[in-house]
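Accompanying notes for the structure given below.
Here is the structure:
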């Protein structure tokens, strides 16, 4: 049917998706209104709309993901646009944080903060190729129960997601460190050059994790996946049990805002950074998923990347060099804003903070890694029970990675 209404064509996209994802794609009425406005704003007259679920087992438990293609089928101009749409799961309670809250925070990043950062870099004369940029946002829906983002689908531009089960390349890791350094540096630039905006809009962005009894239950349930790897007679088993209590106590401390805090990504791992290949190499990377951005120490993002996305061999060979690249990039980037890195983040303080909080790598190994590395066949159904009641089973890759992490932190004296 050729008209200017939303003519939906649903297609099966393979066995990797969940059963729910194979059903008819239905967007909320509020989101349909926003989508229609986006389409009309781009001069589509007679067009078709194809909606396809992008849900994969073990991925995206905080939202539903869709690809929406709009194609003009009449007239001389053959317009075509490809959107990536992220929608809230209506009625799903993650318990650990407010689902609406994390969606509204990501909406703030794409709808408002991205434009502020762009303006900041324009005023400083930062060349386009050296800027920190974001995936283009075409529209948002803020109505409760229908929260959603309509973003440019970067796969249409050749970007793809790193497979969470693959070992990352050094080239990819270097590009990720460069991007992370610029993202963090923009917090210092914003605080220095636009202090009122920073004070009212960014500084209040505290962690949304709710460190209550539900959090304690979740940590112990998830940590059981690690405890199952080590026999009770293994001395490491008891050391891990003791560290779980420390983990529960340390998380709110590590996530608290401090004097040198920046706006952290919060979930900065390889599978949340899109990459584009060209002529056998990487031509660019693009971070996504800003749902849990929060003001805290930048160490959190660095350590998270290293321990949520790499193995021991990679860390032993490259972790220190990548940390050095991060600092060098931040120093160079801040100079474009006439800011001295040593004034906003002295090296001695940074290195001490890194040493003090390096055990965050073990904490995320216990608390997040079982979910990050869960194979599709073991992925839990988070709509069937609260996350605090789910006992996740770790696959072979998780068992390998967590053993390496535990052994490293025992060797380094943290465990």
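In UniProt numbering, the protein residues as written are 1 to 415.
Where is the CB? At the ideal position from N, CA and C, for every residue including glycine.
Small disclaimer: the values here were computed from a predicted structure and weren't measured.
- In the three-state reduction of the DSSP assignment, residue 148 falls in the strand class.
- The beta carbon of residue 189 sits closer than 8 Å to those of 120, 124, 334, 337 and 339, all from its chain and outside the five residues before and after it, given in chain order.
- The beta carbon of residue 236 is closer than 7 Å to those of 230, 406 and 410 in its chain, skipping five residues each way along the sequence.
- Listed in chain order, the beta strand (DSSP E) runs fully inside the segment 250 to 303 are 262 to 264, 273 to 278, 281 to 287 and 294 to 296, counting runs of at least 3 residues.
- When rounded, the separation of the alpha-carbon atoms in residue 361 and residue 243 is 12 Å.
- Three or more Cβ pairs closer than 8 Å define a contact, and the segment 93 to 105 meets that threshold against the segment 213 to 222.
- Here the segment 239 to 258 makes no contact with the segment 273 to 286; the two share fewer than three CB pairs at distances below 8 Å.
- In the structure shown, the three-state DSSP call for residue 236 is helix.
- Going by C-alpha positions, residue 245 is about 35 Å away from residue 86.
- Within the segment 115 to 191, the beta strand (DSSP E) runs of at least 3 residues that lie entirely inside it are, in chain order, 137 to 141, 148 to 152 and 159 to 161.
- Cβ-Cβ distances below 7 Å link residue 306 to 315, 319 and 361 in the same chain, with the five nearest sequence neighbours on each side left out; the list follows chain order.
- In the three-state reduction of the DSSP assignment, residue 358 falls in the coil class, being assigned neither a helical nor a strand state.
- About 6 Å separates the Cβ atoms of residue 164 and residue 372, confirming a contact at the 8 Å cut-off.
- For residue 344, the closest of 303, 297, 301 and 325 by C-alpha to C-alpha distance is 297.
- Here residue 357 is buried, its C-beta having at least 16 other C-beta atoms within 10 Å.
- The Cβ atoms of residue 326 and residue 168 do not sit closer than 9 Å to each other.
- Taken through DSSP and simplified to helix, strand or coil, residue 365 comes out as helix.
- Judged by DSSP in its simplified three-state form, residue 101 adopts helix.
- When secondary structure is reduced to three states using DSSP, residue 402 falls in the helix class.
- Distance from the CA of residue 55 to the CA of residue 342, rounded to the nearest whole angstrom, comes to 44 Å.
- Rounded to the nearest angstrom, the gap between the Cα atoms of residue 62 and residue 47 is 31 Å.
- Taken atom to atom, the span from the alpha-carbon of residue 228 to that of residue 127 is near 51 Å.
- Closest in alpha carbon position to residue 27, among 276, 45 and 88, is 88.
- A distance below 7 Å between beta-carbons, with the five flanking residues on each side excluded, links residue 173 to the following residues of its chain, in chain order: 318 and 322.
- About 5 Å separates the Cβ atoms of residue 366 and residue 223, confirming a contact at the 8 Å cut-off.
- Here residue 270 really is in contact with residue 162; their C-beta atoms are around 4 Å apart, less than 8 Å.
- Per DSSP, the continuous alpha helix (DSSP H) segment holding residue 217 begins and ends at 213 to 227.
- Distances from the alpha-carbon of residue 402 to those of 363, 260 and 375 put 363 closest.
- For residue 153 and residue 82, the gap between their C-alpha atoms comes out near 6 Å.
- Non-local beta-carbon contacts of residue 221 in its own chain, meaning distances under 7 Å to residues more than five positions away in sequence, involve 388, 390 and 391 in chain order.
- Taking all protein chains in view, the Cβ of residue 199 is surrounded by fewer than 16 other Cβ atoms within 10 Å, so the residue is classified as exposed.
- Out of 313, 184, 74 and 42, the CA that lies nearest to the CA of residue 170 is found in 313.
- Within the DSSP bridge table, the entry for residue 305 names no partner.
- Between the alpha carbons of residue 286 and residue 268 lies a gap of roughly 11 Å.
- The three-state secondary structure of residue 70, taken from DSSP, is strand.
- The three-state reading of DSSP puts residue 393 in coil, since its state is none of H, G, I, E or B.
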